[in-house]
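Participant:
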Amino acid sequence: MDNPVRRTVAIGLLGVQKDAGGDESRWNRWRPTISLCQHEDLLIDRLELLVQADAHTSKLAEQVTRDLAGVSPETEVHRHDVAFRNPWDFAEVYAVLRDFADAYPFDEENEDYLVHITTGTHVVQICLFLLTETRHFPARLIQTSPPRGRQPGPGGYSIIDLDLSRYGALAARFETERAEGVSFLKNGIATRNPGFNALMDRIEQVSLASDAPILLTGATGVGKTRLAQRIFELKKRHRNVEGQLVEVNCATLRGDTAMSALFGHERGAFTGASTRRAGLLRAAHEGLLFLDEIGELGLDEQATLLRAIEEGVFLPVGSDRPVESRFQLIAGTNRDLSVAVSEGSFREDLLARIDLWSFDLPALKDRPEDIEPNLEWELATQSEASGKRLVIGAAARRRFLSFARHPETTWPGNFRDFNAALTRLVTLSPNGRITAAAVEEEIGRLRTSWARRRSAGTDFPHLADVLGEDAASELDLFDRVQLEGVIDTCRRSATLSDAGRRLFSVSRTKKSSRNDADRLKKYLARFGLAWSDVRA
127 MDNPVRRTVA IGLLGVQKDA GGDESRWNRW RPTISLCQHE DLLIDRLELL VQADAHTSKL
187 AEQVTRDLAG VSPETEVHRH DVAFRNPWDF AEVYAVLRDF ADAYPFDEEN EDYLVHITTG
247 THVVQICLFL LTETRHFPAR LIQTSPPRGR QPGPGGYSII DLDLSRYGAL AARFETERAE
307 GVSFLKNGIA TRNPGFNALM DRIEQVSLAS DAPILLTGAT GVGKTRLAQR IFELKKRHRN
367 VEGQLVEVNC ATLRGDTAMS ALFGHERGAF TGASTRRAGL LRAAHEGLLF LDEIGELGLD
427 EQATLLRAIE EGVFLPVGSD RPVESRFQLI AGTNRDLSVA VSEGSFREDL LARIDLWSFD
487 LPALKDRPED IEPNLEWELA TQSEASGKRL VIGAAARRRF LSFARHPETT WPGNFRDFNA
547 ALTRLVTLSP NGRITAAAVE EEIGRLRTSW ARRRSAGTDF PHLADVLGED AASELDLFDR
607 VQLEGVIDTC RRSATLSDAG RRLFSVSRTK KSSRNDADRL KKYLARFGLA WSDVRA
């Protein structure tokens, strides 16, 4: 059975100036709507003629319809009145044309559509282009042009398909640009892990197409901060962001200062607020805000942040006048926020808002095939920074890669450990050449360090939970033992004063002033901690 012949339908606006003409001299002039239907190699089966609704244009439309019947009797002309009060008003023109496109009964199975962009104001032409590009008109563009010189005839035409994937050279160019974007996110490192490369592909796609929040999850040291920086730089290159990148480690925001740091405060809002403070969210206006360790924010800060994300406004501390800040949020965390929600330490509505695009960055131990390209990148980067060529001997390379890719090598600090190891190897290697002996020494150092961290995390679980294993391992054993007991007591106490009474139950009897809460507060402050930190 033969396939039915597809019909060609053109959609275009009547040209008030270009299509004008009432006497016989009109045939001596080139008129774009008439010429559209005069080409022997292009049969227009139906013309959807958009006409501005006024008396003068209505008469012109009747004349053009009669002329079209004479030059192309095969063409059906359907007239549609459109109401442009001001054809130079972009918002109005776009809305009118969008309404027409939304209501039109397109039949793509049986008809091909062309949108004529030669007539109308420049605003009309731009709106027709945009609506075709976004597939509101499922069509190709057609542009007609007058004959050269004074030659008779309909002139020329060109058809433009905005589906650029159909153009081989252009498609190849866009694919190259896309690959460069992904390579940009990976810092130019030729990573080999298929899962990681697919993840970077998706992050690049989302970063350029959306301003919605992005949640980066993964263990400490997997590269969340660096990836957020690269996303910002990528968006900047593509002019998708105008403001600056503002980075905040939420774990450093303690107690009452957190609200002020994030949202700003008015002068006199609290004791010590001698000047007005804008806050980090306002600094991120029209830019990108990266909140690392977002799970460490208090519930009050989370509530204010949620409003800022959803409405673009928030109240600085001590102010009753909302402040506007529009920004894209990238949040990072090494915690399972769904568990934090069930424990009551993280708002469920905030998690739902920032979890639209969630990407879990794999640990270094799960990407053994990427160890070697990262080694090469580190050597090249440090060579450039030091101004001298840095190399690793063949035997040293084999030994390092054998250790680094071994299943028992867990890299608990991920790229922080990896980068630090390479930095030490480069620094301690004479003449810029890393030797096998230097590699063996570094392997021993890493094993000792990791064993110490495991001990700190195993023997002092409260301490590792509050400070993190890395920070806990840097304390003297004396301090670790003492602080572990203090945190344990605090977590079994209802209030700061209650914990103080338990901890100082003997010495307090020998003091005339028994401010146990103050003594405990000062002790915790020595380690950069507050009551809320140890109770979390």
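Residue numbers for the sequence shown follow the working numbering, beginning at 127 and rising by one. The C-beta atom is built at its ideal place from N, Cα and C for all residues, glycine as well. Values in this document were obtained by computation on a predicted structure and should not be read as measured data.
Under 9 Å between the Cβ atoms of A268 and V241?
Facilitator: A small fix is needed here, since residue 268 is Ile in this sequence, not Ala. Taking 9 Å as the Cβ cut-off, I268 and V241 qualify as a contacting pair.
Participant: One question on the structure: do V203 and L223 come within less than 9 Å of each other, judged by their Cβ atoms?
Facilitator: Taking 9 Å as the Cβ cut-off, V203 and L223 do not qualify as a contacting pair.
Participant: Is the number of C-beta pairs between the segment 344-362 and the segment 390-406 that are closer than 8 Å three or more?
Facilitator: These segments do not touch.
Participant: Per DSSP, I239 is paired with what?
Facilitator: Residue 239 is actually Tyr in this sequence, not Ile. Answer is V135, bridged to Y239.
Participant: Answer yes or no: do T383 and D418 have a C-beta to C-beta separation smaller than 9 Å?
Facilitator: Contact: no.
Participant: What's the gap between the Cα of V565 and the Cα of A429?
Facilitator: Those two C-alpha atoms are separated by around 50 Å.
Participant: Could you give the first and the last residue of the continuous beta strand (DSSP E) run that contains A457?
Facilitator: 454-459 is the span of the beta strand (DSSP E), which, as asked, contains A457.
Participant: Within a Cβ cutoff of 8 Å, which residues of the same chain sit near S451, ignoring the five residues on either side of it in sequence?
Facilitator: Within the same chain, S451 has close Cβ partners L407, R408, A410, H411, A434, G438, V439, F440.
Participant: Within its chain, find whatever has a CB closer than 6 Å to the CB of F416; leave out the 5 residues flanking it on each side and keep chain order.
Facilitator: Excluding residues within five positions, the ones whose Cβ falls inside 6 Å are A354, E373, I456.
Participant: Any idea what DSSP makes of S336, helix, strand or coil?
Facilitator: Correct three-state label for S336: coil.
Participant: What separation, rounded to the nearest whole angstrom, lies between the Cα atoms of L257 and S284?
Facilitator: Roughly 19 Å separates the two Cα atoms.
Participant: From the DSSP output, in three-state form, read off Y283 for me.
Facilitator: DSSP places Y283 in strand when its eight states are reduced to three.
Participant: Count the other CB atoms within 10 Å of the CB of S607; is the residue buried (16 or more) or exposed (fewer)?
Facilitator: One detail in the question is off: residue 607 reads as Val in this sequence, not Ser. It is exposed - the Cβ of V607 has fewer than 16 other Cβ atoms within 10 Å.
Participant: Residues in its own chain within less than 8 Å of D215 by CB, not counting five upstream and five downstream?
Facilitator: V249, listed in sequence order.
Participant: Taking the alpha-carbon of F263 as reference, which of A324, E234, K312, Q331 has the nearest alpha-carbon?
Facilitator: F263 has its Cα closest to that of E234, out of A324, E234, K312, Q331.
Participant: Which partner residues of H204 appear in the DSSP bridge assignment?
Facilitator: Paired residues: E174.
Participant: List the endpoints of the continuous alpha helix (DSSP H) containing T383.
Facilitator: Run containing T383: 383-389, per the alpha helix (DSSP H) assignment.
Participant: May I have the straight-line CA-CA distance separating G667 from S464, to the nearest angstrom?
Facilitator: This structure does not reach residue 667, given that the chain is present from 127 up to 662, and the question cannot be answered.
Participant: Classify I286 as buried or exposed, calling it buried when 16 or more other Cβ atoms lie within 10 Å of its own Cβ.
Facilitator: Classification for I286: exposed.
Participant: Quick one, which of S198, E330, G347 has its alpha-carbon nearest K362's?
Facilitator: Looking at the Cα atoms, E330 is the closest of the given residues.
Participant: For R205, which of D462, Q508, M326, L139 has the nearest alpha-carbon?
Facilitator: Comparing Cα positions, the closest option is L139.
Participant: According to DSSP, is N557 part of a helix, a strand, or is it coil?
Facilitator: Three-state DSSP puts N557 in a helix.
Participant: Quick one: which unbroken beta strand (DSSP E) runs of 3-plus residues sit fully inside the segment 533-602? Chain order, please.
Facilitator: Counting only runs of 3 or more, we get nothing.
Participant: Cβ of H588 within 9 Å of Cβ of I613?
Facilitator: Yes, Cβ-Cβ distance for H588 and I613 is below 9 Å.
Participant: In the DSSP assignment, find the alpha helix (DSSP H) that holds F226 and state where it starts and stops.
Facilitator: Unbroken alpha helix (DSSP H) run through F226: 216-229.
Participant: Can you give me the start and stop residues for the alpha helix (DSSP H) that N500 sits inside?
Facilitator: It spans 497-512 - the alpha helix (DSSP H) in which N500 sits, taken as one unbroken run.
Participant: Quick check: is the beta carbon of A656 nearer than 9 Å to any beta carbon in chain D?
Facilitator: You won't find chain D in this structure, because it holds only one protein chain.
Participant: According to DSSP, is L441 part of a helix, a strand, or is it coil?
Facilitator: Here L441 sits in coil by DSSP.
Participant: Alpha helix (DSSP H) containing D475: first to last residue?
Facilitator: Run containing D475: 474-480, per the alpha helix (DSSP H) assignment.
Participant: Since S528 is in the alpha helix (DSSP H), which residue starts that stretch and which ends it?
Facilitator: Counting along the chain, the alpha helix (DSSP H) containing S528 begins and ends at 520-530.
Participant: Straight-line CA distance for Q508 to H532?
Facilitator: Cα to Cα, the separation comes out at about 25 Å.
Participant: Three Cβ pairs or more, each shorter than 8 Å: is that satisfied between the segment 321-340 and the segment 507-521?
Facilitator: Touching, no.
Participant: Give every residue of the same chain whose Cβ lies closer than 7 Å to the Cβ of A547, excluding the five residues on either side of it in the sequence, and list them in chain order.
Facilitator: Once the five neighbours on either side are set aside, the close Cβ partners of A547 are E568, L572.
Participant: Along the beta strand (DSSP E) that carries V372, what are the first and last residues, could you check?
Facilitator: Where V372 is concerned, the enclosing beta strand (DSSP E) stretches over 371-375.
Participant: Helix, strand or coil: which one does DSSP assign to I329?
Facilitator: Helix.
Participant: Figure out for me which residue from V660, D602, V632, S581 has the closest Cα to the Cα of C616.
Facilitator: Selected option, being the one with the closest Cα: V660.
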